[in-house]
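Working notes, structure below.
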Amino acid sequence: MATINIEEIQRFLHSKGDKDALPYQNNGEGYFLEIRFDKPNVKDRKYLDEEFKNKVFSVDCAYGSVLILFDENGLLKSIEIS
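Under my numbering, think of the first position of the sequence shown as 894, with each following residue one higher.
Spelled out as structure tokens, the structure:
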């Protein structure tokens, strides 16, 4: 199993110039991190999950507010943390 630590992703993105990747920055830009799971160039999706089609879930976590978005096929599209 692979493990991804959000704080490591935040530090990496911030080091690459994404000033809004880290929380509690006084840069006036706010804080936003998006993890995408879709591929824009892949149109032929073979899976369909009716239960999750176009659903959005909003939850709180230790990093802030989280949105979990599903696409028109019910597949995970992105996770947004702000």
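Don't be surprised by glycine CBs; every beta carbon is placed ideally from N, CA and C.
Remark: three or more beta-carbon pairs, one from each stretch, lie closer than 8 Å, so the region 940 to 950 and the region 965 to 974 are flagged as touching. When beta bridges are read from the DSSP output, D953 appears opposite S958.
If you ignore the 5 residues before and after F925, its C-beta comes within less than 6 Å of the C-beta of D913 and S975, all in its own chain and listed in chain order. Around the C-beta of F930, fewer than 16 other C-beta atoms lie within 10 Å, and the residue is accordingly described as exposed. DSSP, read as helix, strand or coil, puts I928 in strand.
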